[in-house]
Structures are given as C-alpha cells and as structure tokens.
Amino acid sequence: MSVEARTVQNRGAFEYLTTKKDEFVGWARKFSLFPYPFVTACCAMEFMSVSSTLYDTDRFGAALPRFSPRQSDLLMVVGTITHKQAPVLRRVYEQMCEPKWVIAFGVCATSGGFYQNYATLQGIDRIIPVDLYIPGCPPRPEMVIDGIMKLQDRIAHDSHPIIQGTF
Amino acid sequence: MNVAEALPQRVLARWSSLAQEAAIAHGTLALRVAPERLVELASSLKLEFGFDLLLDVTGVDWPGRDPRFDVVYHFYSTRDFVRTRLKTRVPECEPAVDSLTALYNSARFAERECHDMFGIEFRGNADLRPILLYEGFVGHPLRKDYPKQREQPLVSYRK
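Chains L and R are the protein sequences, given in the same order.
The first sequence begins at 1 in this note's numbering and counts up by one.
The second sequence begins at 1001 in this note's numbering and counts up by one.
This is how it looks when you write it as structure tokens:
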C-alpha cells in the first residue's frame, strides 16, 4: 500500500492519507478474514493447532471463526467431503455473502486424497470454486500460515469493484 | 479352565453337530449354519449362553463362489467377556436371511448397513432404507463387482 501521509507539525498524527480505493479496501479486507470452518475430518486437529496459541492465525486477522456462513467471508474446508455431504457444503457456500474466498485445507479437500471410492468427492473444486489449495495430510501449520499470507497478498492486489454504491 | 475357554466349549458341544462348521478360529468361536437355522442359533446364543450384545452384522463377497455371499455376525457376552462369530451363506440370486431384530434391537441399524453395502435382504426388518448411503444410490459398493471409480454425485459438477 502506498500511502502519502502529511503530518501536522509537532502533533505527530496523520491528518489525512491518500491512497487508491482498491488498495485501501484490499488492505482492510485482508486483515479481517472471518473464517467459517467447515471441519469434517482429522485435519481438524491441525486446524485447532494453527488457530490456537502457538501458531495463532489471529496475527493475520483470520482467527475469529463465524459459525454462520452469512457472517463469514473465508470458507475453510478442512477434511474429507463425501458425496452425501456435498449438497451441504454447496449450500453453505451459496449462503456466504460476497466477497468470499475458499481454502481447501489438506489433500482430501483438494483432490480426495488417498480416497478414491464410492463415497468421496474427488476435490471440492468439483462443486465450488477454490481460491487456495493447501496440500498435506495434514498440512503443517507453517503451510497454512503461508497459505493465508498468499491469500492476503491476493486480496490486497485484487480489484474491489464498487457494486451499487457500496464496496 | 476359565470361563473364556469353557463357554466356547459348551457352545461347541451343543452346536457342533447342528452347525455346518464349528471351530475355534483365531481365538474366537466361529460357527457356520444354514440360513434357515440362523435365528434358532442366535436365540440359543442369546438365551442359553448369554451372548447379549450383537456387535456387528457385515458381509463378505466371494465372487465366483456359489453361494456368493457370507453374512457375518459377531456376538459378545457382557457377562463372560467372550466373543462369538456366526456365519451363513446366501446365494446371489436370492441374498436373503431372516432378520435378528426380534432378538437384538441393534440389528435394525446393523442390518441396514449390510443391506446398503452388500445388498443382503433381511426378512422381517421393516426399515431397510439407506443408512450410510443416500436415496437414489444405485448398486452396493462393497460388492467386488462395484467399479472402484464409479461416482454417484448428488450435486452436479462445475463445468
């Protein structure tokens, strides 16, 4: 974000900032990712690990889980999705308001992982669009944090169009 | 001789002549009976020998063998801590056995699962709706001739 700041002498405070609208909105959005954890399988353990004190995704503004899809803007699909569950995931995704992003957490959500059978959906991108894939069985917390930072970079450099007078 | 050894011997003495096969296999008493005698034997296990818990109902598919399917039951005695395995064989043309729901309530769900996975009919189980699979699923996925890669998605895939 390029900011041209004018400070008032002796006060040390910003009086005003100039920036571009997209950069400003992207900067705000990338630090306020409210994740909806759609947690179905053993990757949940790693999700807990990365969310809690030691790794602490709160440092990236992405740790306040909203258990209503309507209040969240980051869908984290953590674990194996079965064909029986696919309609539920699709519905959760459709209930989320724009703007929204999706992370496939672990190989099962990414591609079905080592399951190839009658029950398992071979990757959630068959039913919903995915922004970021984090492989691993389960992924290391460092990989998740790396993934979140990559997503933040993308959000920061995205265009954030004004729709009907609002961002 | 402790009860864990004595009880299987008592069951064997009572049933070895009536069962098609009877042996101690892998440390567990295993019996095989004709499908017609299944309920009789299960009642005997429950009422005479105290096998009060039905652990599981499952199947085994032997493609090429006639009769093709094994239906396998596992019982447990919570008094004596002893397990028993019970098998029966059913043919592909009529894969049906009598239900054990009159003896064990837990048989209702276990038989539904076996019906899902192997297509075994349980006569007397009034509710054989899919329990792990979903309505509209065609075929029985744990049969050996179910294609491994066949998918039956409920949501249409994105283009």
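The beta-carbon is built from N, C-alpha and C at its ideal position, and this holds for glycine as well.
Report all residues from its chain with a CB closer than 7 Å to the CB of leucine 1133 of chain R; omit the five preceding and five following residues, and keep chain order.
Within the same chain, Cβ atoms closer than 7 Å to the Cβ of leucine 1133 of chain R are found at Asp1116, the five residues on either side in sequence being excluded.
Can you determine whether any heavy atom of the ligand FAD sits closer than 7 Å to the C-beta of proline 1063 of chain R, and answer yes or no?
Judged by which ligands are present, the structure shown has none, so any question about the ligand FAD falls away.
Length of the line joining the Cα atoms of valine 1090 of chain R and phenylalanine 1069 of chain R:
Going from the Cα of valine 1090 of chain R to the Cα of phenylalanine 1069 of chain R covers about 5 Å.
Would a check of beta-carbon distances place proline 87 of chain L closer than 8 Å to chain R?
Answer yes: the Cβ-Cβ gap between proline 87 of chain L and chain R drops below 8 Å somewhere.
Own chain, CB closer than 7 Å to lysine 30 of chain L, minus 5 neighbours either side, in chain order
Gln152, Ile155, Ala156.
If you draw a straight line from the C-alpha of threonine 1088 of chain R to the C-alpha of arginine 1037 of chain R, how long is it?
When the Cα atoms are used, threonine 1088 of chain R and arginine 1037 of chain R turn out to be separated by approximately 9 Å.
With burial defined as no fewer than 16 other Cβ atoms inside 10 Å of the residue's Cβ, what is the status of serine 1016 of chain R: buried or exposed?
Looking at its Cβ environment, which holds fewer than 16 other Cβ atoms inside 10 Å, serine 1016 of chain R is exposed.
Near glycine 147 of chain L, which residues of its chain fall below 7 Å by C-beta distance, leaving aside the five closest residues on each side in sequence?
Around glycine 147 of chain L: Ile103, Leu132, Ile134.
Of all Cβ atoms in chain L, is any one closer than 8 Å to the Cβ of glutamine 1149 of chain R?
At a cut-off of 8 Å, the C-beta of glutamine 1149 of chain R has a neighbouring C-beta in chain L.
So with CB distances below 8 Å, who are the chain L contacts of arginine 1158 of chain R?
Proximity of chain L to arginine 1158 of chain R at the Cβ level (cut-off 8 Å) is accounted for by Asp125, Arg126, Ile127, Ile128, Pro129, in chain order.
Three-state secondary structure (DSSP) at threonine 19 of chain L?
DSSP places threonine 19 of chain L in the coil class of the three-state scheme, outside both helix and strand.
Determine whether the Cβ of leucine 1154 of chain R lies closer than 8 Å to any Cβ atom of chain L.
Cβ-Cβ to chain L under 8 Å: yes for leucine 1154 of chain R.
Taking contact to mean at least 3 C-beta pairs separated by less than 8 Å, is the segment 60 to 72 of chain L in contact with the segment 33 to 49 of chain L?
By the Cβ test, the segment 60 to 72 of chain L is in contact with the segment 33 to 49 of chain L, since at least three Cβ pairs between them sit closer than 8 Å.
Can you give the beta carbon distance from proline 138 of chain L to glycine 112 of chain L, rounded, assuming they're within the 8 Å contact cut?
For proline 138 of chain L against glycine 112 of chain L, the beta-carbon gap comes to about 15 Å, at or over 8 Å, which does not count as contact.
Leaving out five residues on either side along the sequence, give the residues of the same chain with a beta carbon under 7 Å from the beta carbon of serine 1099 of chain R.
Only residues of its own chain outside the window of five on either side were considered, and among them Ala1107, Glu1111, Phe1122, Arg1123, Gly1124, Asn1125 have a CB closer than 7 Å to the CB of serine 1099 of chain R, listed in chain order.
Looking at valine 77 of chain L and alanine 141 of chain L, is the spacing between their C-beta atoms short of 8 Å?
Per the sequence presented here, residue 141 of chain L reads as proline, with alanine not at that position. Contact flag unset, no.
I need the straight-line Cα distance from valine 1039 of chain R to valine 1057 of chain R, nearest angstrom please.
Approximately 14 Å, taken between the alpha carbons.
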